[in-house]
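Residues in the sequence shown are numbered from 3 upward in steps of one, following my numbering. Using N, Cα and C, we set each Cβ at its ideal position, and we do this for glycine too.
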Amino acid sequence: MAHPTFPLYGYERFFAMDPGASAKLAHVATLRGDIPGLLKHLPQAVFHAFNRHPKMRAAILPGSVPQKVMICPPLADMSELKSLLTVHECSPDEEERAEQARIDAANDNVPTSSPVAIPQLRWMEFVQSECEKPLDREKDFPFYLYVHVDNSTKTFARLILFADHYMSDPTSGAVILREILETAAKLSAATPMEFPGELPLRESLYESTHYVNAWMNVVHEAVSKYVMQPLMNFDTNSFVPLLPVQAETQLDFAGSPPNPPNQSFALFAQGSEASMRSAMARCKEEQVTLQGALIAATTMAFGLTKHGGSLRQCTEPMQLRMDVLGDMRKQVTLNTVKRGLFDGLLQHSDSNESELPVGLYSTPAHLVFTSSEGVDPHEMSFWDVARKADHEWECALLGHELKMQSMFVNEVLNAENSADSGLCVANCALSDVTLSYLDCSDATALPFPNELALGNNNVTVEDLHVYNSHPSLSSTSKVFVTALSHFNYALMYKLEPDIAQQLFGWLVRCTERIGEYREHDTFAQAADRLASGAATVVPIDGTSMAQTSEIAIDPATGTAVGSAAKAAVDVGSDEGAASEAGNHQDVEC
Numbered sequence: 003m004a005h006p007t008f009p010l011y012g013y014e015r016f017f018a019m020d021p022g023a024s025a026k027l028a029h030v031a032t033l034r035g036d037i038p039g040l041l042k043h044l045p046q047a048v049f050h051a052f053n054r055h056p057k058m059r060a061a062i063l064p065g066s067v068p069q070k071v072m073i074c075p076p077l078a079d080m081s082e083l084k085s086l087l088t089v090h091e092c093s094p095d096e097e098e099r100a101e102q103a104r105i106d107a108a109n110d111n112v113p114t115s116s117p118v119a120i121p122q123l124r125w126m127e128f129v130q131s132e133c134e135k136p137l138d139r140e141k142d143f144p145f146y147l148y149v150h151v152d153n154s155t156k157t158f159a160r161l162i163l164f165a166d167h168y169m170s171d172p173t174s175g176a177v178i179l180r181e182i183l184e185t186a187a188k189l190s191a192a193t194p195m196e197f198p199g200e201l202p203l204r205e206s207l208y209e210s211t212h213y214v215n216a217w218m219n220v221v222h223e224a225v226s227k228y229v230m231q232p233l234m235n236f237d238t239n240s241f242v243p244l245l246p247v248q249a250e251t252q253l254d255f256a257g258s259p260p261n262p263p264n265q266s267f268a269l270f271a272q273g274s275e276a277s278m279r280s281a282m283a284r285c286k287e288e289q290v291t292l293q294g295a296l297i298a299a300t301t302m303a304f305g306l307t308k309h310g311g312s313l314r315q316c317t318e319p320m321q322l323r324m325d326v327l328g329d330m331r332k333q334v335t336l337n338t339v340k341r342g343l344f345d346g347l348l349q350h351s352d353s354n355e356s357e358l359p360v361g362l363y364s365t366p367a368h369l370v371f372t373s374s375e376g377v378d379p380h381e382m383s384f385w386d387v388a389r390k391a392d393h394e395w396e397c398a399l400l401g402h403e404l405k406m407q408s409m410f411v412n413e414v415l416n417a418e419n420s421a422d423s424g425l426c427v428a429n430c431a432l433s434d435v436t437l438s439y440l441d442c443s444d445a446t447a448l449p450f451p452n453e454l455a456l457g458n459n460n461v462t463v464e465d466l467h468v469y470n471s472h473p474s475l476s477s478t479s480k481v482f483v484t485a486l487s488h489f490n491y492a493l494m495y496k497l498e499p500d501i502a503q504q505l506f507g508w509l510v511r512c513t514e515r516i517g518e519y520r521e522h523d524t525f526a527q528a529a530d531r532l533a534s535g536a537a538t539v540v541p542i543d544g545t546s547m548a549q550t551s552e553i554a555i556d557p558a559t560g561t562a563v564g565s566a567a568k569a570a571v572d573v574g575s576d577e578g579a580a581s582e583a584g585n586h587q588d589v590e591c
């Protein structure tokens, strides 16, 4: 039987544009409990995940112009998992107690009024470095897993899913990890179970939003090259990042992707359960979405970083070029790709009522008001900004910009034009920030499991971080906020390291305090109230009000350095005491 093939479209073509560059997503689940019991059933659970989701077995057809992808046949036996699942036993300095000892030592050796120097945490460095390694898209599947197991206790592990961005997005990784963990839990039960068959292969986001045929392709190409490309060059040439970029590591996009690819750098943190619950309750009270509040918090963080920790003297509206990454699965109808004459013989599920297909179905939408009129810190409140962000997001989903944006990417930024696309972008910087919010909490219809039963024991999911590297044409920073039982934070940055650390600290603090912003305070008053009350060091010792850990990987030495951000994370609430632990076309996703 012939293997199904289909062409790449839109952002799929963009992220597969450069074979020597890596744009990987990493989903990191921190697990505690019966790890040996989980490892016993994990290989079979991973095996079923690859056989259930067709795009997990994708490979680019060599020599195809334009690029096409072939869906490889389902895995036949467990031996095929050799390159797809790696179990790594932690070395002594990678074990949880060693990491905690370094954190405790850092807290003990620094005065309470000074920033805490966060020691290097090996898993964070591993995620950053692994995301910089390109896959051979003609030979390798776009997904693979690592498990870091702490054998000193046998009760702690990290499950890390890596995925090539051309076949994945933040939602895809969460779907796959959830299925793997739930399948492992079902396998541990005494009763036999029947696993669901392969899901149907769904069309791309581009195909669901555009007419794809020979005539329309000619129109799309003409509009992209002769109308949109000059506008893009004008727009990108006028953009000056709000915060300084690492010029030595971030080369220009001069018609083609930079060689070597631009590096991405990582920061990670986690907040408190009390802060997340307070934020969700306050957003409901103010009738705004949590995404709108996160947009306002991100704007505040950039303002505080730019203006030295206070907005009192900020006399002009704050202008920030911001994009928001949106999951479009619920916005479009994703039809089944026709596989050929034998499609009816394939075993797969036809129901798509609750199906979340794996693939690249997220796209960035530009917020015009933050970069055009800006945010007046003395006239608007925090909640005014959140409400305006919600309204503009709804307008973006209904407008034509997203379609025009994906059309330009499809026609211009692809492997066929990789030698000379005609686009020139200084430092490959398209915007200041992209915000990606992933709700995996129990407030959503399909929450990520907090606890799984494994026979008579269980495994608890403590954290879920999402991170994404970008080799070219991206924002200067990308904020990932994942809601589980608390907020988990990650920052992909291309800024100067000390500036990135300050920014990340403000991002965490501004988000953790969402539930405390007063309705009638101006944006500047809310920011300065937060800054003046955030001078307490919160140790990462498992008994603090808000557990926050972060790392910055120094680009020159590869070592971890501290952050002023960590010194000032203070949720300011006794509730947390019990807690553990102008118009622009963007081509970045």
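Requested in this report: Along the beta strand (DSSP E) that carries ARG34, what are the first and last residues, could you check?
Outcome: DSSP places ARG34 inside the beta strand (DSSP E), whose first and last residues are 26-35.
Report task. Determine the burial state of ASN215: buried for a count of at least 16 other Cβ atoms within 10 Å of its Cβ, exposed for fewer. Result -> Counting the other Cβ atoms within 10 Å of the Cβ of ASN215 gives fewer than 16, which makes it exposed.
Query - Whole-angstrom distance between MET218 and PRO499, CA atom to CA atom - result: Here the alpha carbons of MET218 and PRO499 stand approximately 45 Å from one another.
Query raised in the report: Should TYR363 go down as buried or exposed, given a rule of 16 or more other Cβ atoms within 10 Å for buried?
Result: The residue in question, TYR363, is buried, as its Cβ has 16 or more Cβ neighbours within 10 Å.
Report task. Please say whether MET330 and LEU369 have beta carbons closer to each other than 7 Å? Result -> Cβ distance not < 7 Å, so LEU369 and MET330 don't count as in contact.
Query raised in the report: Run through DSSP, which three-state label would ALA388 get?
Result: Collapsing the DSSP output to three states places ALA388 in a helix.
Query - N- and C-terminal bounds of the alpha helix (DSSP H) containing SER408 - result: Element bounds for SER408: 403-414.
Query raised in the report: When the Cα of ALA256 is compared with those of GLU96, SER474, SER190, which residue comes out closest?
Result: The candidate whose alpha carbon is nearest that of ALA256 is SER474.
Query raised in the report: Skipping 5 residues on each side, what residues in its chain have a beta carbon closer than 6 Å to that of GLU375?
Result: Within the same chain, GLU375 has no close Cβ partners at all.
Query raised in the report: What does MET494 pair with, by DSSP beta-bridge criteria?
Result: ALA268, LYS480, per the DSSP bridge assignment.
Report task. Please report how far the alpha carbon of GLU453 lies from the alpha carbon of GLN272, in whole angstroms. Result -> So the alpha carbons of these two residues sit roughly 19 Å apart.
Query raised in the report: Taking the alpha carbon of MET234 as the point to measure from, which residue in LYS141, ILE178, LEU415 has its own alpha carbon closest?
Result: Taking only the C-alpha atoms, the option nearest MET234 is LEU415.
Report task. Put MET19 into one of helix, strand or coil per three-state DSSP. Result -> Coil, per DSSP.
Report task. Counting only the same chain and skipping the five closest in sequence on each side, list residues whose C-beta sits under 8 Å from that of SER258. Result -> So the list reads SER420, ALA421, ASP422, SER423, once near-sequence residues are dropped.
Query - First through last residue of the alpha helix (DSSP H) which encompasses ALA283 - result: First-last of the alpha helix (DSSP H) with ALA283: 275-288.
Requested in this report: Give the DSSP-derived three-state secondary structure of LYS84 in the structure shown.
Outcome: In this structure, LYS84 counts as coil in the three-state DSSP scheme.
Query raised in the report: Among the residues of its own chain, which have a CB less than 6 Å from the CB of ASP441, if the five just before and after it don't count?
Result: Result list for ASP441: ALA485, in chain order.
Requested in this report: Measure the Cβ-Cβ separation of LEU253 and ASN264 and say whether it is below 7 Å.
Outcome: Yes, these two residues count as a Cβ contact at 7 Å.
Report task. Could you tell me whether any Cβ in chain B is nearer than 7 Å to the Cβ of GLY401? Result -> The structure shown has no chain B; it contains just one protein chain.
Query raised in the report: Ends of the beta strand (DSSP E) at ASP79?
Result: It is not in any beta strand (DSSP E) - ASP79 carries neither H nor E in the DSSP assignment.
Query raised in the report: What number of angstroms, rounded off, separates the C-alpha of TYR168 from the C-alpha of ARG531?
Result: TYR168 and ARG531 have their alpha carbons spaced roughly 43 Å apart.
Query raised in the report: Buried or exposed: VAL571, going by 16 or more other Cβ atoms within 10 Å of its Cβ?
Result: Residue placement at VAL571 is poorly supported in this model, since its pLDDT is 37, which falls under 50; the coordinates are not used for a value here.
Query raised in the report: Considering only residues of the same chain and omitting the five flanking positions on each side of ILE73, which have a CB-CB separation below 7 Å?
Result: Cβ-Cβ distances below 7 Å link ILE73 to HIS5, PRO6, PRO56, ARG59, ALA60, LEU203 in the same chain, with the five nearest sequence neighbours on each side left out; the list follows chain order.
Query raised in the report: Is LYS496 buried or exposed, if buried means 16 or more other CB atoms sit within 10 Å of its CB?
Result: Burial call: buried.
Requested in this report: Can you tell me which of the three DSSP states THR436 falls into?
Outcome: Here THR436 sits in strand by DSSP.
Query raised in the report: Roughly how many whole angstroms lie between the Cα atoms of ASP465 and TYR491?
Result: Approximately 10 Å, taken between the alpha carbons.
Report task. In angstroms with no decimal places, state the Cα-to-Cα distance between LEU137 and ALA533. Result -> Distance between the alpha carbons of LEU137 and ALA533: 43 Å.
Query raised in the report: Cα separation between LYS332 and SER210?
Result: LYS332 and SER210 have their C-alpha atoms spaced approximately 12 Å apart.
Query - Spatial distance of PRO76 from THR88 (CA atoms) - result: In this structure, the alpha-carbon of PRO76 lies about 19 Å from that of THR88.
Query raised in the report: DSSP puts TYR469 in a beta bridge; with which residues?
Result: TYR469 is bridged to ALA28.
Query raised in the report: Below 8 Å, can you find three or more Cβ-Cβ pairs linking the segment 127-145 to the segment 430-450?
Result: In the pairwise beta carbon analysis, the segment 127-145 is classified as not touching the segment 430-450: fewer than three pairs are separated by under 8 Å.
Query - Outcome for ASP392 when other beta-carbon atoms lying within 10 angstroms are tallied against a minimum of 16 - result: The Cβ neighbour count for ASP392, taken over all protein chains shown within 10 Å, is at least 16; the residue is labelled buried.
Query raised in the report: Taking Cβ to Cβ, would you say ALA281 is nearer than 7 Å to GLY517?
Result: Cβ atoms of ALA281 and GLY517: closer than 7 Å.
Query raised in the report: Mind checking ARG15: buried by the 16 CB within 10 Å criterion, or exposed?
Result: Buried is the call here.
Query raised in the report: Tell me which same chain residues have a C-beta within less than 8 Å of the C-beta of ASP36, skipping the five on either side of it?
Result: Once the five neighbours on either side are set aside, the close Cβ partners of ASP36 are THR157, LEU456, GLY457, ASN459, ASN460, VAL461.
Query raised in the report: Is the distance from the Cβ of SER170 to the Cβ of LEU27 below 7 Å?
Result: Contact: yes.
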